[in-house]
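S.K.:
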Amino acid sequence: YNPVKGAKLEEGYYSLEQIPQVQGAFLALEAETGAILAMVGGLDDGTGGTGLNRAVQAKRQVGSSLKPLVYAMALEKGYTPASLILDAPVVLRNDEMDKTWKPQNYSEKVYGESTLRRGLEKSRNLMTIRLARQLGIGNIIRYIRKFGITADMERNLSTALGSSSISLMEMTGAYSVFTNGGRLVHPYAVNYIQDPVGNVIYREHDACESCRLDIAENIYKPEPLPKLGEQVIPETTAFQMAELLKGIVRNGSAWRAKAVGQAVGAKTGTTNDFIDAWLMGISPNMALGSWVGFDRPTSMGNAETGSAAAAPIWVDFAVKALNKDGQQPLYFKVPNGISFVQIDADTGLLPNSKTKRKIFEAFEHGTEPTSDSKASQKVLQAEGQDIQWQGIY
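Following this note's numbering from start to finish, the sequence shown increments by one per residue and tops out at 1793.
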């Protein structure tokens, strides 16, 4: 069913419009509290539809939009944004299933030793697989659970590339951890409920009683509101991930988000055969996610990636929400324990006379590079080219 309807442009002029069969969903959360600021569950075709709220009820393969959670774990386990990982072919064998898996990068090319930052900015599958083999897929799944992800996940390496099906609600809640200082807050739509005479009988969060008092004469000084949610990752890791996500906007597939004109970070996701397209991202005060695809998983067509199909929706909302009249520039808060060090963008070491490109990178205190010599640097290499790739962790 794909109805065609007429639309009146102006007196005497009409056009034909065709309601698309492709669906989509969008969600914006207040990062500090989890309050739902905007939610779209799908397109109404005028027939009443299915009543399905795709932002909450639909679970779809998330593709590379899951990779930031894997990279966050790597940071907690001692990697830095400047750590080198080998981007080279991987061949994994499962004798029980008599299958060989040869994952590839989207470009079908390999790039040799690359920094962790470059791996995420360019969404390198082979580097992510190497990280997953080092960290252990079982450990990765347990780590992802800390972000509020409850969806089923198989214990194989493709999970690290985003083969699991997860709701937009859970994905957006997970990304909020990267911008609120590492805390897991739960999305909610109802702030408070009053009875017929005005008594508050339900409130999502405890009110700040002193905030209601008249403080114009400095009689009362409200205490800072307690931070909501459980601390699930360190503040330093959350900030480093925000910096890495900003890099994907500058140098990667989330480039469309540059149009927002504010500090934002984002990661695209595209599944096999262009069936699902995602853009997940953050601003200093929000977590935002968009998904596009057919209700019955079907290819949307060649090159319908997260950047092409999902990003325009995300960007359109973010431009309006983050650039209201009088809006001041927004910045991600730098926590204690972070140092910015200028490094060679290619080697991850301190710059020297051969450096072609320099960047300032965020390091946790004590993890900064101290030399420009490769002799001081470890590189995550392949562990062996013929291993059981399912159930090995």
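Idealized CB from N, CA, C, for every residue including glycine.
Look at the alpha carbon of E1773 and the alpha carbon of D1673, and state the distance between them as a whole number of angstroms.
M.R.: Note on residue identity: the sequence assigns Ser, not Glu, to residue 1773. Near 43 Å, if we compare the C-alpha coordinates of D1673 and S1773.
S.K.: So, for G1562: in the same chain, excluding its five sequence neighbours on each side, which residues have a beta-carbon less than 8 Å away from its beta-carbon?
M.R.: Correct list, in chain order: Q1461, V1462, G1463, S1464, S1465, L1466, K1467, G1669, T1671.
S.K.: Given a threshold of 16 other Cβ atoms within 10 Å of its Cβ, counted over all protein chains shown, does G1737 qualify as buried or as exposed?
M.R.: It is exposed - the Cβ of G1737 has fewer than 16 other Cβ atoms within 10 Å.
S.K.: Could you tell me the distance, in whole angstroms, from the CA atom of S1610 to the CA atom of Y1471?
M.R.: Interpretation of S1610 is limited by its pLDDT of 49, a score under 50 that renders its predicted location unreliable; the figure taken from the coordinates is listed afterwards. The alpha-carbon atoms of S1610 and Y1471 are separated by roughly 41 Å.
S.K.: Are A1574 and L1688 closer than 9 Å when you measure CB to CB?
M.R.: No; because the gap between Cβ atoms is not below 9 Å, this pair is not in contact.
S.K.: Exposed or buried, which one is T1747 when buried takes at least 16 other CB atoms within 10 Å?
M.R.: Its Cβ being crowded by 16 or more others within 10 Å, T1747 is buried.
S.K.: Please state the DSSP three-state secondary structure of N1591.
M.R.: If DSSP states are grouped into helix, strand and coil, N1591 belongs with coil.
S.K.: Taking buried to mean at least 16 other C-beta atoms within 10 Å of its own C-beta, is D1744 buried or exposed?
M.R.: Per the 10 Å Cβ criterion, buried.
S.K.: If you compare alpha carbons, which of G1661, G1665, E1430 is closest to N1651?
M.R.: Measuring from the Cα of N1651, the nearest candidate turns out to be G1665.
S.K.: Mind checking whether E1630 and R1583 have CB atoms under 9 Å apart?
M.R.: Yes, these two residues count as a Cβ contact at 9 Å.
S.K.: Quick check: what's the CA-CA separation for L1645 versus K1754?
M.R.: Cα to Cα, L1645 sits roughly 28 Å from K1754.
S.K.: Assuming M1700 is part of the beta strand (DSSP E), what are its boundary residues?
M.R.: Neither: M1700 is in no beta strand (DSSP E) and is coded neither H nor E.
S.K.: Please list the terminal residues of the continuous alpha helix (DSSP H) segment that includes A1428.
M.R.: Premise fails: A1428 lies in the beta strand (DSSP E), 1423-1430, not in any alpha helix (DSSP H).
S.K.: Under 8 Å: do the stretch 1680-1700 and the stretch 1631-1639 share three or more Cβ pairs, one atom per stretch?
M.R.: Result no; under three Cβ-Cβ pairs closer than 8 Å.
S.K.: Which value, in whole angstroms, describes the spacing of the CA atoms of A1589 and S1514?
M.R.: Their backbone Cα atoms lie some 42 Å apart in a straight line.
S.K.: Here's the rule I'm using: 16 or more other beta-carbon atoms within 10 Å means buried, otherwise exposed. How should Y1479 be labelled?
M.R.: Under this definition Y1479 is a buried residue.
S.K.: What do you get for I1615, buried or exposed, if any count of 16 or more other CB atoms within 10 angstroms of its CB means buried?
M.R.: Residue confidence for I1615 is low, a pLDDT of 47 falling below 50, so the modelled location carries little weight; the figure read from the coordinates is stated next. It counts as exposed.
S.K.: Smallest Cα separation from K1546: which of M1571, S1558, M1527, I1529?
M.R.: Comparing Cα-Cα distances from K1546 to each of M1571, S1558, M1527, I1529, the minimum goes to M1571.
S.K.: Do you know how far the Cα of Q1421 is from the Cα of P1634?
M.R.: Spanning the two alpha carbons is a distance of roughly 43 Å.
S.K.: In terms of alpha-carbon separation, which member of K1627, M1700, L1750, F1717 lies closest to E1768?
M.R.: The candidate whose alpha carbon is nearest that of E1768 is L1750.
S.K.: Would you kindly check if the distance between the Cβ of I1529 and the Cβ of L1557 is under 9 Å?
M.R.: In contact: L1557 and I1529 (Cβ atoms closer than 9 Å).
S.K.: Got a sec, what are the start and stop residues for the alpha helix (DSSP H) I1517 sits in?
M.R.: Reading the sequence as shown, one finds Arg at residue 1517 and not Ile. R1517 -> alpha helix (DSSP H) spans 1516-1521.
S.K.: If you follow the alpha helix (DSSP H) that Q1640 is part of, which residue opens it and which one closes it?
M.R.: Per DSSP, Q1640 belongs to the alpha helix (DSSP H) from 1635-1651.
S.K.: When burial is assigned at 16 or more other CB atoms within 10 Å of the CB, is E1411 buried or exposed?
M.R.: Looking at its Cβ environment, which holds fewer than 16 other Cβ atoms inside 10 Å, E1411 is exposed.
S.K.: Going by DSSP, name the residue or residues bridged to N1453.
M.R.: DSSP lists no partner for N1453.
S.K.: Just how far apart, CA to CA, sit S1683 and T1433?
M.R.: If you take the alpha carbons of S1683 and T1433, they lie about 14 Å apart.
S.K.: Find out if the Cβ-Cβ distance for the pair A1428, A1659 is shorter than 9 Å.
M.R.: No, the pair does not count as a contact, with Cβ atoms beyond the cut-off.
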